[in-house]
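These notes concern the structure reproduced below.
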Amino acid sequence: MARLFIFFGFFLICMPSFGQTKVIVPYPNDPSKAKEIYYILEGDSSRIHGDYKQYSPSGKVIVTGTFVDGSKEGTFYNFYEDGSVQRETTYTDNLRQGVTKIFDPNGVIIQEATFLNDTLVGELRLYDTEGKLKGTSHFKNGKPEGLVAEYYASGGIKEEVNYANGKPNGTTRHYYENGNLELEAQYVGGLLDGFYKTYYPSGKLEMEALNERGKRSGFIKYYHENGQLKSLGKYENGTLTGDFKSYYEDGSLQKHLKYNDGYRVGKNLEYHENGSIKYEGIFTNKGLNAKIREYNDKGDLLEEKELLNDLPNGKWISYDEKGRPLLLENYQNGKLHGERVVYEKGKIISETSYGFGNKQGEARTYFPNGDIQTIEHWKLNRLEGSFVRYQKNGQKEYEGEYVRNKRNGIWRYYDRKGEPASQEVYQHGQLISSNPL
Numbered sequence: 001m002a003r004l005f006i007f008f009g010f011f012l013i014c015m016p017s018f019g020q021t022k023v024i025v026p027y028p029n030d031p032s033k034a035k036e037i038y039y040i041l042e043g044d045s046s047r048i049h050g051d052y053k054q055y056s057p058s059g060k061v062i063v064t065g066t067f068v069d070g071s072k073e074g075t076f077y078n079f080y081e082d083g084s085v086q087r088e089t090t091y092t093d094n095l096r097q098g099v100t101k102i103f104d105p106n107g108v109i110i111q112e113a114t115f116l117n118d119t120l121v122g123e124l125r126l127y128d129t130e131g132k133l134k135g136t137s138h139f140k141n142g143k144p145e146g147l148v149a150e151y152y153a154s155g156g157i158k159e160e161v162n163y164a165n166g167k168p169n170g171t172t173r174h175y176y177e178n179g180n181l182e183l184e185a186q187y188v189g190g191l192l193d194g195f196y197k198t199y200y201p202s203g204k205l206e207m208e209a210l211n212e213r214g215k216r217s218g219f220i221k222y223y224h225e226n227g228q229l230k231s232l233g234k235y236e237n238g239t240l241t242g243d244f245k246s247y248y249e250d251g252s253l254q255k256h257l258k259y260n261d262g263y264r265v266g267k268n269l270e271y272h273e274n275g276s277i278k279y280e281g282i283f284t285n286k287g288l289n290a291k292i293r294e295y296n297d298k299g300d301l302l303e304e305k306e307l308l309n310d311l312p313n314g315k316w317i318s319y320d321e322k323g324r325p326l327l328l329e330n331y332q333n334g335k336l337h338g339e340r341v342v343y344e345k346g347k348i349i350s351e352t353s354y355g356f357g358n359k360q361g362e363a364r365t366y367f368p369n370g371d372i373q374t375i376e377h378w379k380l381n382r383l384e385g386s387f388v389r390y391q392k393n394g395q396k397e398y399e400g401e402y403v404r405n406k407r408n409g410i411w412r413y414y415d416r417k418g419e420p421a422s423q424e425v426y427q428h429g430q431l432i433s434s435n436p437l
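If you count by my numbering, then the sequence shown holds residues 1 to 437, one letter each, in order.
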């Protein structure tokens, strides 16, 4: 009679007639369910021998195969939950040998690969869910070698990459689905080295550049689809250096930027199509500090702002087309700090104090005629203290107190003449009582 033992989470069933022990490995979170069932020789867990099965938590067989004295031998099958084959792999002495196939849930082959002594060799083929060839790769000693190709569902070539010693080497090409070239680049030892070009779907050249050992080097040019130069710059050791110019399709100047070691320096200009200045920035400190002005196409100043260490700093002002202020903000280390004033037709409609990014202190809003509308107080971005709202005739409309952004205490409401009309009592934002006066 076979004997059953429990040993370190395994169920062992001795089979004395064959010198084998049946092993049932349970799921850790549900010991009543088997995860694996196999046999071992002479009680040695490293010597799995005979049929092997692995189960899903639902009890479905998901792997079958055969071991011979600890080594996988023959064909192993992986299954989906519905029992259809997911993968076929052949082993000899525990090493993958020959063709391995992978299937989708509908039984369509989606990948074929060949192994020699557990190493990829020869051609790897990928298929889409309709069984059409999606891509091919060639391997040598487990590394891509030669042409690696990818295809569109229509069968047209999508990408061609040449490999040597497992790294891209030579010319790489990408194609649009219409067959036109999308990208063309040179690699040496896995690094971009030589020409680099991109194209519009129409086949017209979009960009051309040079690379040297993985870094941009020399001139870079972009083109509009009509063939007109779009931008021109220069790289040294992988970073933009010197003048960088961009052009509109009619050839007129759009941008004139200056770089040093990849950073903007000095005066940088952008232009509207009519030739008037759109943007003027003066950069220092490796492009981190700047004074910037922006204009509309009529030459009217729209914005003035400053950057310090690449963060908003100092006074930022926006204007309307009549030169009247729209918004005034003060920044320190990238955060609002000081007064923030909003204007409408040149008149102030709100004033808010900030402290390091938080509303802090008194804030006011105004009616279009300039009369006060509200007076409120803030602390760390929350309403705190007295709050008063006025009617357009200048009389109070209501007033009360806030504590931590919630109404608290007595709130009084007034009629058109400013006489007390009613009052409410709040506690931590909850209305306690409401009475006419």
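For each residue, glycine too, the CB sits at the ideal point set by N, CA and C.
Item: Would you kindly work out how many angstroms separate the C-alpha atoms of Q423 and Y279, rounded to a whole number?; Value: 55 Å
Item: Are the beta-carbon atoms belonging to Y163 and G146 less than 8 Å from one another?; Value: yes
Item: Shortest alpha-carbon distance to R96 belongs to which of T75, I102, I24 and E270?; Value: T75
Item: Any idea which residues DSSP pairs P325 with across the strands?; Value: Y319
Item: Please report the distance separating the alpha-carbon of S217 from that of Y295.; Value: 34 Å
Item: If you drop the 5 nearest sequence neighbours on each side, which residues of the same chain put their C-beta closer than 6 Å to that of G310?; Value: Per the sequence presented here, residue 310 reads as Asp, with Gly not at that position. Counting only Cβ-Cβ distances below 6 Å, and skipping sequence neighbours, we find L288.
Item: By the three-class DSSP mapping on this structure, what secondary structure does H256 have?; Value: strand
Item: Please name the residue or residues paired with A164 in a DSSP beta bridge.; Value: K167
Item: Using the C-alpha atoms, what's the distance from D297 back to G346?; Value: 21 Å
Item: Hey, out of L133, T114, T241 and D128, whose CA is closest to P144's CA?; Value: T114
Item: So E401 and G385 are supposed to be a Cβ contact under 8 Å. How far apart are they, rounded?; Value: 7 Å
Item: Three-state secondary structure (DSSP) at K204?; Value: coil
Item: Do E306 and G314 have their C-beta atoms closer together than 8 Å?; Value: yes
Item: Give me the Cβ distance between T239 and D261, rounded to the nearest whole Å; I'm assuming they're in contact under 8 Å.; Value: 5 Å
Item: Residue ranges of each beta strand (DSSP E) run of no fewer than 3 residues wholly in the segment 399-423, ordered along the chain?; Value: 406-414
Item: Buried or exposed: which applies to A185, given that a residue is buried once 16 or more other Cβ atoms fall within 10 Å of its Cβ?; Value: buried
Item: Mind checking N237: buried by the 16 CB within 10 Å criterion, or exposed?; Value: exposed
Item: Per DSSP, what are the beta-bridge partners of N289 in this structure?; Value: T284
Item: Quick check: what's the CA-CA separation for S434 versus G409?; Value: 12 Å
Item: In this structure, how does DSSP classify H174 when only helix, strand and coil are distinguished?; Value: strand
Item: Return the chain-ordered list of same chain residues with a C-beta closer than 6 Å to the C-beta of L328, the five sequence neighbours on each side being excluded.; Value: I317 and V341
Item: L431: buried (16+ other C-beta within 10 angstroms of its C-beta) or exposed?; Value: exposed
Item: So, with DSSP's three-state summary, where would you put L124?; Value: strand
Item: Along the chain, where does the beta strand (DSSP E) containing S56 start, and where does it finish?; Value: Unbroken run through S56: none, as it is neither H nor E.
Item: Assuming N358 is part of the beta strand (DSSP E), what are its boundary residues?; Value: N358 to Y366
Item: Just verifying my parser: in three-state terms, what is the DSSP assignment at L308?; Value: strand
Item: Going by DSSP, name the residue or residues bridged to H446.; Value: For the chain, the structure presents residues 1 to 437; residue 446 sits outside this window and is missing.
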